[in-house]
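Protein chains in written order, with our numbering: chain F, 68 to 273; chain V, 386 to 499.
Quick look at the structure:
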């Protein structure tokens, strides 16, 4: 398998798909992302169906602070750019730059997660807006929480990769792993675009 | 031959042309990023201020979200690249199923509101 890859001139220009294993990971991961899209669609559909059912509890217009959501959006968008830059560094065989961009991505992601935990805590403590307050509350925590869980999972994944391969340089084994983790991170960002539109902006604006 | 799987490289096999191409690509990604920030600002502005009429605000932010969705997929996730045929096939079938899923859930749950 790997014997078919010409490595005599240096790192192949597409290290993430130079080996058969890399190609399979790439293909399988996109298949998974197609399925994830549908998973999130069910949560979005549920939220949209139930968002009027506030049962005299707080509505989203009562809860949402737009400035906080704006900061969270900026953090996640920027982290998407830094992971793109990490992948370009990988293709150029610049291991140090890739690690630095990936760590920046992790830090931005952790900041995002911190804000989200603060937000949930704030809702529960200051507004008595718990998971079982209303149908809207359940749908809200399920959808935003599912996204938050994805962020937490993605962060642990990237951190494990960064520690495991901290000294190895870019190889044909770890290049596909970093690439796929990067794709996962972008997908999280894509979902957030719809969350801030559907959950937060729509909640405030109409 | 399995050895070179865990071997790091001291140089890249990229040709000059590929290098130029990647430079151009990075510049493009940064422009796309600026565009995404701009779209996000617009949608927050549309809701926070009265620049966009109230009745049009919701469709407006949805259009912006869909544009941003496309930018992310095509540029950041490279779906525009030529070798992404299967990636496109998987993702598009996912999105294709998404639409009736959301519509059905909205109708089912929304109509039977308690």
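C-beta: ideal position from N, C-alpha, C; glycine also. These numbers come from a predicted model, not from an experiment.
Under 8 Å: do the segment 135–145 of chain F and the segment 412–425 of chain V share three or more Cβ pairs, one atom per stretch? With a cut-off of 8 Å, the segment 412–425 of chain V and the segment 135–145 of chain F count as touching, because enough Cβ pairs lie within range.
Report the neighbours of residue 105 of chain F on chain V: residues whose CB is nearer than 7 Å to its CB, in chain order. 479, 482, 483 and 486
In angstroms, rounded to a whole number, what distance separates the CA positions of residue 488 of chain V and residue 104 of chain F? 15 Å
Given this structure, state the Cα-to-Cα distance separating residue 475 of chain V from residue 92 of chain F, to the nearest angstrom. 14 Å
When the cut-off is 8 Å and only beta carbons count, does residue 434 of chain V lie next to chain F? no
Within the chosen definition, does the segment 395–404 of chain V reach the segment 153–164 of chain F through at least 3 CB pairs nearer than 8 Å? yes
Would you mind telling me which residues of chain F sit closer than 7 Å to residue 441 of chain V, beta carbon to beta carbon, in chain order? Within chain F, no residue comes near residue 441 of chain V; the closest Cβ sits about 10 Å away, beyond 7 Å.
Compare the beta carbon distance of residue 117 of chain F and residue 203 of chain F with 8 Å and say whether it is the shorter of the two. Going by beta carbons, residue 117 of chain F and residue 203 of chain F fall inside the 8 Å limit.
Spell out whether any CB of chain V is found under 8 Å from the CB atom of residue 94 of chain F. yes
Beta carbon of residue 77 of chain F: closer than 7 Å to some heavy atom of the ligand FAD? This structure lacks the ligand FAD, and indeed carries no ligand of any kind.
According to DSSP, is residue 239 of chain F helix, strand or coil? coil
With a cut-off of 8 Å, does the C-beta of residue 495 of chain V fall near any C-beta of chain F? yes
Residue 397 of chain V - DSSP class collapsed to helix/strand/coil: strand
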